[in-house]
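Before any comments, here is the structure.
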Amino acid sequence: MLNLSGKNALVTGIANNRSIAWGIAQQLHAAGANIGITYLPDEKGKMERKVEELVAPLNPSIYLPLNVQDDAQIDRTFAEVGEKWGRIDILIHCLAFANKEDLSGDFSKTSRAGFAQALDISTYSLNRLAGAAKPLMTEGGSIITLTYLGGVKVIPNYNVMGIAKAGLEMSVRYLAAEFGSQNVRVNGISAGPIRTLASSAVGGILDMIHHVEEVAPLHRTVTQTEVGNTAAFLASDLSSGITGQIIYVDAGYETVGM
1 MLNLSGKNAL VTGIANNRSI AWGIAQQLHA AGANIGITYL PDEKGKMERK
51 VEELVAPLNP SIYLPLNVQD DAQIDRTFAE VGEKWGRIDI LIHCLAFANK
101 EDLSGDFSKT SRAGFAQALD ISTYSLNRLA GAAKPLMTEG GSIITLTYLG
151 GVKVIPNYNV MGIAKAGLEM SVRYLAAEFG SQNVRVNGIS AGPIRTLASS
201 AVGGILDMIH HVEEVAPLHR TVTQTEVGNT AAFLASDLSS GITGQIIYVD
251 AGYETVGM
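Just so you know, we're using full-length UniProt numbering here: the sequence shown kicks off at 1 and counts up by one.
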């Protein structure tokens with residue numbers, strides 16, 4: 001039986017109730033995990049208040065700011081986690097961003113700054129957070145990130161994010177090789193299209209969802225809960241032999257040729 005009682009799970013990337021990270025946090029909590037939440041800070045504190053209200057039912061024992069483009073803040077946040085918890089068992093990475101103008105049009109016209117920013121936030125952040133968590137993962141554990149089919153196949157209006165996800169998936173494999181010696185597993189979940197704050201920046205997201213409903217073997221899209229259940233499985237001892245893998249949770253869409 002899936003049981004995460006006594007496990008400390010740090011979840012990043014919750015923006016609102018549509019966030020896949022929110023679905024994951026709920027399922028980890030339902031399985032008994034002790035939840036910690038990070039939020040993206042802003043000058044007016046709007047995101048802090050919004051996310052804090054949303055996650056209140058999970059009774060998170062940690063609630064801290066985290067801007068993955070700020071190395072000093074990353075170090076401070078993980079230092080506070082270490083002081084509060086002593087260890088991390090589960091790290092959930094649900095972070096991605098690209099400028100809207102870099103997601104459409106000719107890929108060759110992607111700006112240098114936009115390309116660098118997309119990979120910094122969406123790809124390098126996994127490496128950076130994993131490195132910060134490593135000294136705290138003293139009893140083994142699980143690192144889980146979110147990816148998408150656009151990292152292996154061409155998806156309209158995805159452009160530079162496809163490159164970021166491709167790099168993210170390779171990062172999963174390299175991190176799995178590095179962390180395996182301390183019994184920390186690293187995996188990715190490739191979820192089907194779900195309407196979220198991040199996906200709303202991708203042009204034609206509703207068309208993509210309708211297409212999946214038409215051609216996927218299950219003839220529907222997936223839910224936050226289904227992705228969350230998969231994350232809970234990957235975080236648990238039930239998946240103790242799985243690492244360096246990308247698990248598709250997409251109603252079977254990835255298997256379809258046409």
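We put the CB at the ideal spot given by N, CA and C, even for glycine.
Treat the numbers as computed from the prediction; the structure is a model and nothing was measured.
(message) Tell me which residues share the same chain as Trp85 and place their Cβ nearer than 6 Å to its Cβ, disregarding the 5 neighbours each side in the sequence.
(response) If we look at Trp85 and ignore the five residues flanking it on each side, its Cβ neighbours are Asn8.
(message) If I measure Cβ to Cβ from Tyr248 and keep anything under 6 Å in the same chain, skipping five residues before and after, which residues do I get?
(response) Hits under 6 Å: Ser190, Glu254.
(message) Out of Ser239, Gly241, Gly252, Ser240, which one is the CA nearest neighbour of His219?
(response) Selected option, being the one with the closest Cα: Gly252.
(request) Can you give me the start and stop residues for the beta strand (DSSP E) that Arg185 sits inside? (result) Counting along the chain, the beta strand (DSSP E) containing Arg185 begins and ends at 184-191.
(request) Answer with buried or exposed for Thr162, where buried requires no fewer than 16 other C-beta atoms within 10 angstroms of its C-beta. (result) Looking at the sequence shown, residue 162 is not Thr but Gly. Under a 10 Å Cβ-count criterion, Gly162 is classified as buried, with 16 or more other Cβ atoms of the shown protein chains found around its own Cβ.
(request) Look at the alpha carbon of Asp89 and the alpha carbon of Val11, and state the distance between them as a whole number of angstroms. (result) Asp89 and Val11 have their C-alpha atoms spaced approximately 11 Å apart.
(request) Could you say if the stretch 229-237 and the stretch 171-180 meet the contact criterion of at least three C-beta pairs nearer than 8 Å? (result) Look at the beta carbons and you see the stretch 229-237 not touching the stretch 171-180: under three pairs across the two are nearer than 8 Å.
(request) Output the boundary residues of the beta strand (DSSP E) element that contains His93. (result) Annotation for His93: the continuous beta strand (DSSP E) segment containing it runs 90-93.
(message) Distance check for Val184 and Ser111, CA to CA, integer angstroms please.
(response) Each residue's alpha carbon lies about 36 Å from the other.
(message) Considering only the alpha carbon of each residue, which of Pro156, Gln182, Lys165 lies closest to Leu206?
(response) The option with the nearest alpha carbon to Leu206 is Pro156.
(message) Whole angstroms are fine: how far does the CA of Ala72 sit from the CA of Thr225?
(response) For Thr225 and Ala72, the distance between alpha carbons rounds to 34 Å.
(request) Could you name the residues that DSSP lists as bridge partners for Thr138? (result) Beta bridge pairing from DSSP links Thr138 with Gly140.
(request) Taking only the alpha-carbon atoms, compute the straight-line gap between Ser199 and Met170 and give it to the nearest angstrom. (result) In this prediction, Ser199 has a pLDDT of 49, which is less than 50 and means its spatial position is unreliable; nothing more can be read from the coordinates.
(request) Tell me whether Ile194 sits in a helix, a strand or coil according to DSSP, three-state version. (result) In this structure, Ile194 counts as coil in the three-state DSSP scheme.
(message) Measuring only the C-alpha atoms, how far is Ala118 from Asn99?
(response) Whole-angstrom Cα-Cα distance: 8 Å.
(request) Could you please give the first and the last residue of the uninterrupted beta strand (DSSP E) stretch that includes Leu4? (result) Where Leu4 is concerned, there is no enclosing beta strand (DSSP E), given that its DSSP letter is neither H nor E.
(message) By the three-class DSSP mapping on this structure, what secondary structure does Gly45 have?
(response) Coil at Gly45, not helix or strand.
(request) Take Ser5 and list the residues in its own chain whose beta-carbon comes closer than 6 Å to its own, dropping the five residues that flank it on each side. (result) Here the set comprises Gly32.
(request) Out of Phe78, Asn159, Gly45, state which residue places its alpha-carbon closest to the alpha-carbon of Met137. (result) If we check each option's Cα against that of Met137, Phe78 comes out closest.
(request) Give the range of the alpha helix (DSSP H) segment to which Thr225 is assigned. (result) Where Thr225 is concerned, the enclosing alpha helix (DSSP H) stretches over 224-235.
(message) What does the alpha-carbon distance come out to for the pair Tyr174 and Ile92?
(response) CA-CA distance, Tyr174 to Ile92, rounds to 17 Å.
(request) Determine the burial state of Lys134: buried for a count of at least 16 other Cβ atoms within 10 Å of its Cβ, exposed for fewer. (result) By the neighbour-count rule (16 or more Cβ atoms within 10 Å), Lys134 is buried.
(request) Please confirm whether Val222 and Gly192 have their CB atoms less than 7 Å apart. (result) Contact flag set, yes.
(request) Would you kindly check if the distance between the Cβ of Ala231 and the Cβ of Ile24 is under 7 Å? (result) Against a cut-off of 7 Å, the Cβ pair of Ala231 and Ile24 comes out as a contact.
(request) Please check if any C-beta of chain D sits within less than 7 Å of the C-beta of Ile163. (result) Note that chain D does not occur in the displayed structure, where there is just one protein chain.
(request) Below 8 Å on the Cβ atoms is my guess for Gly13 versus Leu129; work out the distance and round it to an integer in Å. (result) Rounded, the Cβ-Cβ distance is 11 Å, inconsistent with contact.
(request) Go ahead and pull the three-state DSSP assignment for Tyr39. (result) Strand, per DSSP.
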